[in-house]
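Engineer:
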Amino acid sequence: MLINVGAEFGTHLESNDIAKELVDILNKIPEDNYILDFKDVIFVTMNFAQAYYIAKSESSKKISEINFSDSIKVTMGAADEAVNP
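Residues 376 to 460 in the working numbering are what the sequence shown spells out, letter by letter.
Structure (structure tokens):
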């Protein structure tokens, strides 16, 4: 299932609460595979990114991401490495 993160959660993802809410919603839907499309997301904080990867690692769902901008790719990559060394 493809989800447009920017359309559903906003273009500026700044809090760990948003990250937890995103993964909590996915966990409640009876689907096992998700592709999160970040094409409309302009900005993410390290708080969001780390909370996202922690929640993702605790989820039984298969979640992947597409269409990171260059700046978001840097933040998300650093958070992923911090959470999943």
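No residue lacks a Cβ here, since even glycine has one placed at the ideal position from N, Cα and C.
List the residues that DSSP assigns as beta-bridge partners of Tyr409.
Structural biologist: Ile438
Engineer: Compute the beta-carbon to beta-carbon distance between Ile441 and Ile410, rounded to the nearest angstrom, for a pair I have assumed lies under 8 Å.
Structural biologist: 6 Å
Engineer: Per DSSP, which one or two residues make a beta bridge with Ile404?
Structural biologist: In the DSSP output, where bridge partners are listed per residue, Ile404 has none listed.
Engineer: Please state the DSSP three-state secondary structure of Val398.
Structural biologist: helix
Engineer: How many whole angstroms separate the CB atoms of Val406 and Met376, which I take to be in contact at a CB cut-off of 8 Å?
Structural biologist: Strictly speaking, residue 406 in this sequence is Glu, with Val absent from that position. Yes, Glu406 and Met376 are in contact; Cβ-Cβ is about 5 Å, under 8 Å.
Engineer: Whose C-alpha, out of Val458, Tyr428, Lys431, Ser444, is nearest the C-alpha of Leu417?
Structural biologist: Contrary to the premise, residue 417 reads as Ile rather than Leu in this sequence. Out of Val458, Tyr428, Lys431, Ser444, Ser444 has the C-alpha closest to the C-alpha of Ile417.
Engineer: Could you say which of Ser432, Val419, Ser435 lies nearest to Ser449 if we only look at CA atoms?
Structural biologist: Strictly speaking, residue 449 in this sequence is Val, with Ser absent from that position. It is Val419.
Engineer: Would you kindly work out how many angstroms separate the C-alpha atoms of Ala454 and Tyr427, rounded to a whole number?
Structural biologist: 9 Å
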